[in-house]
Amino acid sequence: MKKNLARMALGSALLASFSAPAAVAGGLEDALARGALRVCTVEAAPFVLRTPGDKLIGHEVDVAERLASDLGLSLDLRVVPGIAVLDRLNAGDCDLAVSALAIDPPRLLKVWMTNPYAESDIRIVASAKSPFRTDQLNAEDNVVGVVTGTLAADAARSRLPSATFREFPDLLAAQRALDDGAINALAFKEPVPTLTVAAAKPQRYAVGEGPSLARTADGMAVRKGDMNLLNFLNGWISARRRDGFLESTSAYWFTRIDWMERLKPPAALK
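Below, the structure written as structure tokens:
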């Protein structure tokens, strides 16, 4: 009888260990207690940019600000290197990551991710004087830049197996390499390819024609076990889809370029 009871107790303990996530420090309750929501993000246009006055603006900034406001909290936005964003999240440096993270299996092994709050196609922008098809880059002499750990990097390698690839730690470094001529193409999610063409001198760049390399769905990331925060974020995303906030925010940053005026230095005083 005692052995049976011991087995039952052990079985219950094992079941509980698999079914009930461990408590997580720095979750929703901690954010409410401190009065501030700590959000890790990554600097890259049009997601997060700095104005000449060092103010952060961008799609992810607008999303994070609205999220914090709806919680009645101040926003503590922490810009971190793209390659380290999940490590910084898991180390407790922030409560969640809002940094245009594509939902894919490798990331799901490290963190929990919300339902999608944005979607986009992955395309290639390249130095070109005339339109080109993406498959024309499938040659060894074409050097395609990709950002480490992104779905765009995997999609480009799959679709262009003969091309030469060069990895960069973040989008800013990859964009500088494209501008400097160190690479002749860049694979990334929209609207980055289209905005690269719009912001550059006429005919300097073009976006590859034909089907996109892949389509991404972006989610926010929280530490594993942070069930209360994940549940709130999923509900928040649903509510902000219904009231049009997410759609209008994406339209402003992803389909227009007039926000670039906010990046110009103020006119010199006369």
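Residue numbering for the sequence shown is 12 to 281, as defined by my numbering. Just so it is clear, CB atoms sit at the ideal spot from N, CA and C, and this is done for glycine as well.
Rounded C-beta distance between Ile268 and Ala185? I'm assuming under 8 Å.
Taking the sequence shown and counting its residues from 1, one reaches residue 268 at position 257. Taking the sequence shown and counting its residues from 1, one reaches residue 185 at position 174. Ile268 to Ala185, Cβ: 20 Å. No contact.
Helix, strand or coil for Glu256 per DSSP?
Indexing the sequence shown from 1 puts residue 256 at position 245. Inspection of the sequence shows that residue 256 is occupied by Phe rather than by Glu. Looking at Phe256 - three-state DSSP - the assignment turns out to be helix.
Would you call the CB atoms of Thr159 and Glu178 closer than 7 Å?
The count along the sequence shown starts at 1 and reaches residue 159 at position 148. The count along the sequence shown starts at 1 and reaches residue 178 at position 167. Closer than 7 Å, so yes.
Tell me the rounded alpha-carbon separation between Val72 and Pro277.
Counting from one through the sequence shown, the residue named residue 72 turns up at place 61. Counting from one through the sequence shown, the residue named residue 277 turns up at place 266. If I take the Cα positions, the gap works out to 22 Å.
Residue interval of the beta strand (DSSP E) (run including Glu130):
Within the sequence shown, residue 130 is the residue found at index 119, counting from 1. Element bounds for Glu130: Ala129 to Ser138.
Which two residues bound the contiguous alpha helix (DSSP H) that contains Ser173?
Taking the first residue of the sequence shown as 1, we reach residue 173 at position 162. Careful: Ser173 lies outside any alpha helix (DSSP H) and carries neither H nor E.
Please report the straight-line C-alpha distance between Ser249 and Asp115, rounded to a whole angstrom.
Position 238 of the sequence shown, counting from 1, holds the residue named residue 249. Position 104 of the sequence shown, counting from 1, holds the residue named residue 115. In a straight line, the C-alpha of Ser249 is about 20 Å away from that of Asp115.
In or out: Thr5 buried (at least 16 other Cβ within 10 Å) or exposed?
No statement about residue 5 is possible, as the shown extent of the chain runs from 12 to 281 and does not include it.
Cα separation between Tyr216 and Arg251?
Counted from its first residue, the sequence shown places residue 216 at position 205. Counted from its first residue, the sequence shown places residue 251 at position 240. If you take the alpha carbons of Tyr216 and Arg251, they lie about 35 Å apart.
DSSP has Tyr216 in a bridge; who is on the other side?
The count along the sequence shown starts at 1 and reaches residue 216 at position 205. Beta-bridge pairing links Tyr216 to Ser138.
Inter-stretch contact at 8 Å, needing at least 3 Cβ pairs: the stretch 102–120 / the stretch 36–47:
yes
Whole angstroms is fine: what's the gap from Thr191's alpha carbon to Pro127's?
Within the sequence shown, numbered from 1, the residue matching residue 191 stands at position 180. Within the sequence shown, numbered from 1, the residue matching residue 127 stands at position 116. Correcting the residue identity first, residue 191 is Asp in this sequence and not Thr. If you take the alpha carbons of Asp191 and Pro127, they lie about 34 Å apart.
Local conformation of Ala56 per DSSP, three classes:
The sequence position of residue 56 within the sequence shown is 45, counting from 1. In the structure shown, Ala56 sits in coil (DSSP, three-state: anything other than H, G, I, E or B).
Along the chain, where does the alpha helix (DSSP H) that runs through Thr205 open and close?
As a working mapping, residue 205 is identified with position 194 in the sequence shown. That run of the alpha helix (DSSP H) goes Val203 to Ala210.
Between which two residues does the beta strand (DSSP E) containing Ser110 stretch?
Within the sequence shown, numbered from 1, the residue matching residue 110 stands at position 99. That run of the beta strand (DSSP E) goes Leu107 to Ala113.
Helix, strand or coil at Leu197 according to DSSP, with G and I counted as helix:
Within the sequence shown, numbered from 1, the residue matching residue 197 stands at position 186. It is a strand residue.
Which stretch, first to last residue, makes up the alpha helix (DSSP H) that contains Ala42?
If you number the sequence shown from 1, residue 42 lands on position 31. First-last of the alpha helix (DSSP H) with Ala42: Leu39 to Arg45.
Considering only their Cβ atoms, is the gap separating Ser169 from Glu151 smaller than 7 Å?
Looking up residue 151 in the sequence shown gives position 140. Looking up residue 169 in the sequence shown gives position 158. No, these two residues do not count as a Cβ contact at 7 Å.
Where Phe265 sits in the DSSP three-state scheme:
Counting from one through the sequence shown, the residue named residue 265 turns up at place 254. Three-state DSSP puts Phe265 in a helix.
Own chain partners of Phe256 with C-beta closer than 7 Å, once the 5 adjacent residues on each side are dropped
Working through the sequence shown from its first residue, we reach residue 256 at position 245. For Phe256, where only same-chain residues beyond five positions count, the Cβ hits under 7 Å are Arg77.
Presumed contact (8 Å Cβ cut-off) between Asp132 and Arg226, rounded CB distance
Residue mapping note: residue 132 aligns to position 121 of the sequence shown, counting from 1. Residue mapping note: residue 226 aligns to position 215 of the sequence shown, counting from 1. That pair is a contact at about 5 Å.
Using a Cβ-Cβ cut-off of 6 Å (strictly less than) and excluding sequence neighbours within five positions of Ile135, which residues of its own chain qualify?
By one-based count along the sequence shown, residue 135 stands at place 124. Excluding sequence neighbours, Ile135 sits near Thr145, Ala196, Ala198 and Gly219.
Collapsed DSSP secondary structure at Thr145 in the structure displayed:
Your numbering for residue 145 matches position 134 in the sequence shown. Thr145: helix per DSSP, three-state reduction.
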